[in-house]
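J.: Here it is, the structure in full.
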Amino acid sequence: MAIEFKDGKYVDPKTGRVTLDPTVYKDWQIAEEAEKNLPSVDYFREKLGLLPEEIIPYGKTPKIDFIKVMKRLKDKPDGKFIEVTAITPTPFGEGKSTVSLGLIEGLGKLGLNVGGALRQPSGGPTMNVKGTAAGGGNALLMPMTEFSLGLTGDINDIMNAHNLAMVALNARMQHERNNNDEWLAKKGLKRLDIDPKRVEMGWVMDFCAQGLRNIIIGIGGRLDGFMMESKFGIAVGSELMAILAVARDLKDLRERIGKIVVAYSRSGEPVTCDDLEVAGAMTAWMRNTINPTMCYSVEHQPVLVHAGPFANIAIGQSSVIADRLALKLFDYHVTESGFAADIGFEKFWNVKTRLSGLTPNVSVLVATVRALKMHGGGPKVTPGAPLPKEYTEENLELLEKGTCNLFHHVNTIKKSGINPVVCINRFYTDTDAEIAVVKDYCEKHGAKVAFSDVFLKGGEGGIELADAVVGTIESTRSEYKPLYDEKLTVREKLDIIAKEIYRADGVNFTPKAAKALKEIEALGLDRVPVCVAKTQYSLSDDPAKLGKPEHFTITVSDVRASAGAGFVVVYTGDVMVMPGLPKVPAADNIDVDADGKITGLF
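Per our numbering, the sequence shown starts with residue 41, numbered consecutively.
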């Protein structure tokens, strides 16, 4: 039974639930309306079958005690594992979070025990042009305000732990400069002889701050720290965030933190957090971060929120811990990978699942009419500016030309050994003829396709997609396999990714990148998966090359070992680890009234 539109509101006749018209009202207004009927924490605890002692109270968003639950449910069979990815997006994004939440709601409409795991949004995009990652319309995560503004403090704990390592490093460099070996021996310390030009980590904060990309610290006298060039990155790009995403438990988290390479000595030896004797204190800061936070869809399905690494400069996944927990709690578990399948799914496939040992049953590939038009040669899409009319009016020619990008990503997913379900995420400006073109094209090329109208209709608009996903799981068998052998060299692994996933002609290393790779190989830190940092707006490393570019080479600008996370990060093109703010960021529209109500989030 479809949701009915009455008196400016959508009403579900089956449940009586009222939601505001998402074409008229903002997401924060829809969330505010939905929260009026939000059940208690005890309702969700009982729905998930959790014991009282397995809930860690935290207002509307309690944490779940991961260690206690996993000990109790260790012998319970896992549920079905569903991953959501997308085609190459416009700068506005194509709605993976919206589809993920709508799919959860749609599976709920089928009467299934379903939940999900999503990443925690960074303050960077929330206060920039993209906004939060709470989905949209009637496929929205709640409580939206708490979710968007810090949640239960995991990112803050990561910032503190990360910057503690830098504090320890700079202090150690100061004391080694100011004191002789005899003094160090009395303190029980060995001289690390850190090279100030080879400090890997830098500092982090969770905002876009281009003015902090390159800085000088330690200005002053001999007691004011070690003077050197330094830098800031965004917190969600920190290796600690990546470690939280891939760690299996608290013990694994501690071991990985100890292996982080903070800097190198003048002789080229890695200086780790264990060498700085700060790994234990960093883990203490992060002890509570291993417990996922419980949030909810507007239709009251549980959603675990845990970890939030960017996908263009980091691993782009919610955590292995959340997946392990969700697969015990839910019969159907939905998670998403950041950006498009060439970035997010590729890392999910070749990094995350390789480290976790968990195998997905199906992948959902989100496509939109507007993105396909852009890849078909449509006008430039600019953040903060209105969409050109080509994207809001029917244009079948642009749409058909852009389908090349869609089927590139379909083939990428098929390479992993699983069959994707293409999801057409409908915008209210899309015409029936445009939707029909995409559906027909998918069917002619043997790709299962489903329509999603979850933004407007919530779970009712996700039933077709939910049916397609369940049907695919029941009718096909996954033959999941990695793209490459991790024992290959970094060059060999990257060459496979570039040719098989991006369809590039090859890979070129700058002198800086070649030198860095040679040093990593000499230390034996290279026989691990590769995490590629690349623009999200193109299959190539050039964001201006849309559609399905051909005859291009990927240029590697730098290579760094993330020894704690367990992979090598390869930086391509002009990708930056600290984003910048535009002329008119989202923060300009956010405010709070005298009663504490926050407005303007999106």
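For glycine and all other residues, C-beta sits at the position ideal for the given N, C-alpha and C.
Using only the alpha-carbon positions, how far apart do residue 580 and residue 80 sit?
T.: Cα to Cα, residue 580 sits roughly 47 Å from residue 80.
J.: Over what stretch of residues does the beta strand (DSSP E) that includes residue 438 continue unbroken?
T.: Careful: residue 438 lies outside any beta strand (DSSP E), inside the alpha helix (DSSP H) at 436-455.
J.: Among 620, 92 and 533, which residue has its Cα nearest to the Cα of residue 82?
T.: Cα-wise, what sits closest to residue 82 is 92.
J.: Please state whether DSSP places residue 388 in a helix, a strand or coil.
T.: Residue 388 falls in the helix class under three-state DSSP.
J.: When the distance is taken between beta carbons, is residue 107 closer than 9 Å to residue 96?
T.: Not a contact, by the Cβ cut-off of 9 Å.
J.: Bridge partners for residue 200 per DSSP, in chain order?
T.: DSSP lists no partner for residue 200.
J.: State yes or no: is the beta carbon of residue 353 nearer than 9 Å to at least one beta carbon in chain D?
T.: Protein chain content of the structure displayed is limited to a single chain, and chain D is not contained in it.
J.: Within 10 angstroms of its Cβ, does residue 320 collect 16 or more other Cβ (buried), or is it exposed?
T.: Per the 10 Å Cβ criterion, exposed.
J.: Using only CA atoms, which one of 366, 578 and 466 lies nearest to residue 158?
T.: Among 366, 578 and 466, the Cα nearest to that of residue 158 belongs to 366.
J.: Using 10 angstroms around the beta-carbon of residue 42, count the other beta-carbons present and answer buried if the total reaches 16, otherwise exposed.
T.: Unreliable placement is indicated for residue 42, whose pLDDT of 44 sits below 50; the coordinate value is still reported in the next sentence. Exposed: under 16 other Cβ atoms inside 10 Å.
J.: Buried or exposed, going by whether 16 or more other CB atoms sit within 10 Å of the CB of residue 364?
T.: Flag for residue 364 reads buried.
J.: If you run the structure through DSSP and keep just helix, strand and coil, what is residue 643?
T.: In the structure displayed, the chain extends from 41 to 642; residue 643 sits before or after that span and is not available.
J.: For the region 538-571, which segments carrying the beta strand (DSSP E) assignment without a break, of at least 3 residues, lie completely within its bounds, in sequence order?
T.: Segments of the beta strand (DSSP E) lying fully in the region 538-571: 546-549.
J.: Tell whether a beta-carbon distance below 9 Å holds between residue 179 and residue 151.
T.: Not a contact, by the Cβ cut-off of 9 Å.
J.: Please list the segments of the alpha helix (DSSP H) lying wholly inside the region 505-538, counting only runs of 4 or more residues, in order along the chain.
T.: The qualifying runs are 530-537.
J.: Indicate the three-state DSSP secondary structure (helix, strand or coil) for residue 129 in the structure shown.
T.: Coil, per DSSP.
J.: For residue 310, name the three-state secondary structure that DSSP assigns.
T.: Residue 310 falls in the strand class under three-state DSSP.
J.: Could you check if residue 349 is buried or exposed, using at least 16 other CB atoms within 10 Å of its CB as the buried criterion?
T.: It counts as buried.
J.: If you drop the 5 nearest sequence neighbours on each side, which residues of the same chain put their C-beta closer than 8 Å to that of residue 360?
T.: So the list reads 285, 286, 287, 288, 392, 395, 396 and 398, once near-sequence residues are dropped.
J.: Quick check on residue 341: does DSSP put it in helix, strand or coil?
T.: Three-state DSSP puts residue 341 in coil, outside helix and strand.
J.: May I ask you to report which of helix, strand or coil DSSP gives residue 248?
T.: Coil.
J.: Would you mind giving the Cβ-Cβ distance between residue 441 and residue 457, rounded to the nearest angstrom? I have them listed as a contact below 8 Å.
T.: With a Cβ gap of about 30 Å, residue 441 and residue 457 do not count as contacting.
J.: How far does the beta strand (DSSP E) with residue 268 in it extend, from its first residue to its last?
T.: Per DSSP, residue 268 belongs to the beta strand (DSSP E) from 268-270.
J.: Which residue's Cα is closest to the Cα of residue 197: 630, 617 and 346?
T.: The shortest C-alpha separation from residue 197 is found at 346.
J.: Helix, strand or coil: how does DSSP classify residue 181 here?
T.: Reduced to three states, the DSSP call for residue 181 is strand.
J.: State the Cα-Cα distance for the pair residue 232 and residue 567, rounded to the nearest angstrom.
T.: Computed Cα separation, rounded: 26 Å.
J.: Is it buried or exposed for residue 262, if we count other Cβ within 10 angstroms and need 16 for buried?
T.: Looking at its Cβ environment, which holds fewer than 16 other Cβ atoms inside 10 Å, residue 262 is exposed.
J.: Mind checking residue 515: buried by the 16 CB within 10 Å criterion, or exposed?
T.: So residue 515 counts as exposed.
J.: Given a threshold of 16 other Cβ atoms within 10 Å of its Cβ, counted over all protein chains shown, does residue 591 qualify as buried or as exposed?
T.: The residue in question, residue 591, is exposed, as its Cβ has fewer than 16 Cβ neighbours within 10 Å.
J.: Determine the contact status of residue 245 and residue 280, defining contact as a CB-CB distance below 9 Å.
T.: Against a cut-off of 9 Å, the Cβ pair of residue 280 and residue 245 comes out as no contact.
J.: Measuring only the C-alpha atoms, how far is residue 219 from residue 271?
T.: Going from the Cα of residue 219 to the Cα of residue 271 covers about 26 Å.
J.: Compute the distance between the beta-carbons of residue 125 and residue 380, then report whether it is under 9 Å.
T.: Contact flag set, yes.
J.: In angstroms with no decimal places, state the Cα-to-Cα distance between residue 470 and residue 434.
T.: If I take the Cα positions, the gap works out to 7 Å.
J.: Using the Cβ count rule (16 or more neighbours within 10 Å means buried), how would you classify residue 384?
T.: Burial call: buried.
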